[in-house]
Amino acid sequence: MKGILLARVREFIRNPFTFLLFTGMSIVFAWVISSMNVGGGGGGLPVPVYVEEEADSYQSSLEQQEAFQFYPVDKETLEAELREGEADTGVILYENRFDILVGVESPNAGLIQQTVQKVYTTDIQETLIGDAADAAGMEADQAVSAYKETLSDGTFDLTVNSFSGEESWKYDDNVHRIGGFALFFAIYTIAYGVVKILTEKRMGVWDRIILSPVKKSEMYIANLLYSFIEGYLQILIIFSVFYFWRGITFNDQMIEILLMLIPYALAIVAMSILITALVKNVEQFNAAISIITVSLAMIGGAFWPLEIVSNPVLLFLAKLNPIKYGLDIIQGAAVYGYSFTELLQPISILTLMAVLFTGIGIHLMEKRHI
Amino acid sequence: MLELVDISKRFKKIEAVKSLNMFIEQGEIVGLLGPNGAGKSTAISILSTLIEPTQGDVRFLKESVIKKPAPLRKAIGVVPQEIALYPQLSTEENLLFFGRIYRLKGSKLKQRVNEILELIGLTEKRKALVDSFSGGMKRRLNIGVAMLHNPQILIMDEPTVGIDPQSRSYILETVKRLNKEHQMTVVYTSHYMEEVDYLCDRIYIMDQGNLIASGTKEEIKQILSSENTISIQADRWNSKFIAQLKGHESITKVHVEGDEITLITPKEVNLFSEIISMTEEYGIALRSLHVKSPTLEDVFLHLTGRALRD
Ligand SMILES: Nc1ncnc2c1ncn2[C@@H]1O[C@H](COP(=O)(O)OP(=O)(O)OP(=O)(O)O)[C@@H](O)[C@H]1O
Ligand SMILES: [Mg+2]
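Chain order of the listed sequences is A and B. Just so you know, the working numbering puts 188 at position 188 of the first sequence, and the rest follows in order with no gaps. Here the working numbering runs 1000 ahead of the position in the second sequence, where the first position is 1.
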């Protein structure tokens, strides 16, 4: 078994390019997409804004909005960006009114309008209250802050419940992207590791090992263990890169998250062995793995948060999907601050998948490929 | 020593081997000859316990090995038809890997690797990656790997397919030497009858899953003792001429290959003058016409009506 692992490591050193490619892609994808959000402080879709001189105060209020990332440009740039499709929607702020410019019809235009409208209404209201207070001989600032206080206390108590039933839905774009892409690309690395069993069977190396005193269980364990290590190493590298380089702390839970992702990597190894057992050859495997991985990632929420999905079929499929549970672990720990015990459910499901798929996979493989 | 008893193997629709009986004695080189798809590899895989037969038994030293393959597995070295090596590893790394899985370690492993490198003539290439090798070098290493644990019996499946003549004769010489000097028992599969003719003491000939002849070379060639094998050579053939040969009542088999036609006829009829007058009639420029001593190829032709290498 040591021999088999050693051979794998040697092969890896000779040819680490697939591994590096997938690791690099995860990092680049997660970084490029999340870096779009970094500059403006807030997250959200970037929207160009041209500000007329008297409208500066609206601009600063707008920049505090979270849903969109408003960035100032001059008028020509704004028009050019809309014309060339760099931005779908732009905003021009005047003293008493604003214009929404729509370059490409998109559902965001309405939302942007509402957001800007709100800022105007609030600001104008505050100015009016201030003026009124002045006229009545009161301290304008006090009146405004008293008004704000009443507003934030709220007339109604409104609670929003989410999937966990405890807290409202929170979302951290960076954590989601990093987690999503790390889990997604790890599937490729692991699957290409596991399918070596099939390659070796076809090359005849497997037969040679069968004739040797090495036990079959050792052959499987060595191969699966190696694939696990390679995939897990990739996840580790990706998380570490963002931790040390981009300063993303994962809520100070990185080690815990990584430990809790071990069952995820094992479940993917198991899924790969099951697919390996079901296909006829490596070409079929490659085709199957591309389709399956991309669908798993889409259904499991690796590319966008599952919370925006409402189709019951898709949500049901997500329940069978290791990526969903992997993301539950990452988000649970990094965003909600859940502990190990609170995440026991996704961890156990992944462990169960690992055991079940490995069992069925090896059983089928032994039956079919003779 | 090693026996196949009434072996059949069926893959879904194809019956790859049909009631095959075979035995191999200590110290001999046994040939297994047959065209593509004859069932040679299947027979070899059953012999080396890699696939289970649908029917029949495999016995090593009189014990069935189908359920208990360990003793036989220890005794055999198998050279598969494919190149079963790690292409991304070097010669030496491949040998070390396969040595280790046979539980060889340390200086013993190193020494054995050196011996094998010497034997297959790849000492100079020990650091080179298998991927960069010519077909011949890969084949030699493919054999070397099977010999690491010093097997009693070497089972080779078409070890010379697709390689240059030098490597081929190197391999043939090596096999012969191993047998002479180390009394190694060899099962040699091929569809080249010259190789089998040169190496083997006894031969099994298979076609379409059936064993069609077996015995020593002399015994097999005896099959043709009541017949003559006639070879005709000319620059160009005429289809009418060939048709007439095929229709001739005293000619049992006609095989055309390039500029040579091989005929099989009963010993008692003499067709020479008739053939000469036929060539004149069709304007064929005859280069030679003679009776050959039969080859294994002719035996195959006689038994199946087809050439070994179609
Ligand atoms: N695993 C398998 N599944 C289905 N059919 C098979 C399998 N292995 C071999 N066959 C079929 O059995 C027949 C005999 O194949 P085999 O490989 O034993 O022939 P061979 O004599 O070794 O031929 P070659 O010279 O091409 O190596 C062929 O028709 C082949 O297609
Ligand atoms: Mg074969």
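All C-beta atoms, glycine included, are put in the ideal place defined by N, C-alpha and C. Model, not experiment: these values are computed from the prediction.
Going by beta carbon distance, what residues of the same chain come within less than 7 Å of Y226 of chain A, once the five residues before and after it are set aside?
L5, R8, G193
Under the assumption that A1016 of chain B contacts G1039 of chain B (Cβ atoms under 8 Å), give the Cβ distance between them as a whole number of angstroms.
5 Å
P213 of chain A burial status per 10 Å Cβ neighbour count (16 or more: buried)
exposed
Using a cut-off of 7 Å between C-beta atoms, extract the partners of Q1088 of chain B located in chain A.
E11, R14, N15
For chain A, find out if any of its Cβ atoms is closer than 8 Å to the Cβ of A1084 of chain B; answer yes or no.
yes
Of the residues B:I1120, B:V1186, B:G1209, which one's Cα is nearest the Cα of Q1166 of chain B?
B:I1120
F244 of chain A burial status per 10 Å Cβ neighbour count (16 or more: buried):
exposed
Which chain A residues sit within Cβ distance under 9 Å of S1048 of chain B?
D207, L211
For a test of the three-state rule: what should DSSP assign to L128 of chain A, helix, strand or coil?
helix
Within 10 Å of its beta-carbon, does T358 of chain A have 16 or more other beta-carbons around it, so buried, or fewer, so exposed?
buried
Look at A287 of chain A and I275 of chain A and say whether their C-beta atoms are less than 8 Å apart.
no
Quick one: which chain B residues come within Cβ less than 8 Å of M203 of chain A?
E1082, I1083, A1084, L1085
Do G1305 of chain B and R1267 of chain B have their beta-carbon atoms positioned less than 8 Å apart in this structure?
Just to set this straight, residue 1267 of chain B is Lys in the shown sequence, not Arg. No, these two residues do not count as a Cβ contact at 8 Å.
Nearest chain C C-beta to R1139 of chain B closer than 8 Å, yes or no?
Included in the structure are the protein chains A and B, with no chain C among them.
Which value, in whole angstroms, describes the spacing of the CA atoms of Q125 of chain A and G90 of chain A?
24 Å
Output the residues surrounding ligand 1, defined as those with a CB atom closer than 5 Å to any ligand heavy atom, in chain order.
B:F1011, B:I1014, B:A1016, B:N1036, B:G1037, B:A1038, B:G1039, B:K1040, B:S1041, B:T1042
Is Q1208 of chain B close to ligand 2? I mean its beta-carbon at under 7 Å from any heavy atom of the ligand.
no
With DSSP run on the structure shown, which of helix, strand or coil describes H1149 of chain B?
coil
Could you check the C-alpha separation between F1023 of chain B and D1201 of chain B for me, to the nearest Å?
13 Å
Considering only residues of the same chain and omitting the five flanking positions on each side of G40 of chain A, which have a CB-CB separation below 8 Å?
Low local confidence applies: a pLDDT of 39 at G40 of chain A is under 50, so the model's placement there is unreliable, with the coordinate-based value given in what follows. The answer, listed in chain order, is P46, E63, Q69, F70, Y71.
Do E1195 of chain B and ligand 2 come close, with the Cβ less than 7 Å from some heavy atom?
no
Rank B:R1236, B:L1089, B:Y1102, B:G1056 by C-alpha distance to the C-alpha of R1073 of chain B and give the top, closest one.
B:Y1102
For E1052 of chain B, verify whether its CB is less than 7 Å away from any heavy atom of ligand 2.
no
K1009 of chain B and T1042 of chain B look like a contact to me (Cβ under 8 Å); what is the Cβ gap, rounded to whole Å?
5 Å
Classify P48 of chain A as buried or exposed, calling it buried when 16 or more other Cβ atoms lie within 10 Å of its own Cβ.
buried
Where T115 of chain A falls: helix, strand or coil (DSSP):
helix
For the stretch 1044-1073 of chain B, which residues have a CB atom closer than 9 Å to at least one CB atom of chain A, in sequence order?
S1045, S1048, T1049, L1050, I1051, E1052, P1069, A1070, R1073
Under 8 Å between C-beta atoms of L302 of chain A and F181 of chain A
Reading off the sequence, residue 302 of chain A comes out as Ala, not Leu. Yes, Cβ-Cβ distance for A302 of chain A and F181 of chain A is below 8 Å.
Using a beta-carbon distance below 8 Å, is E1195 of chain B in contact with chain A?
no
Which ranges would you report for the alpha helix (DSSP H) in the stretch 1236-1306 of chain B if only whole runs of at least 4 residues count?
1239-1247, 1272-1281, 1296-1304
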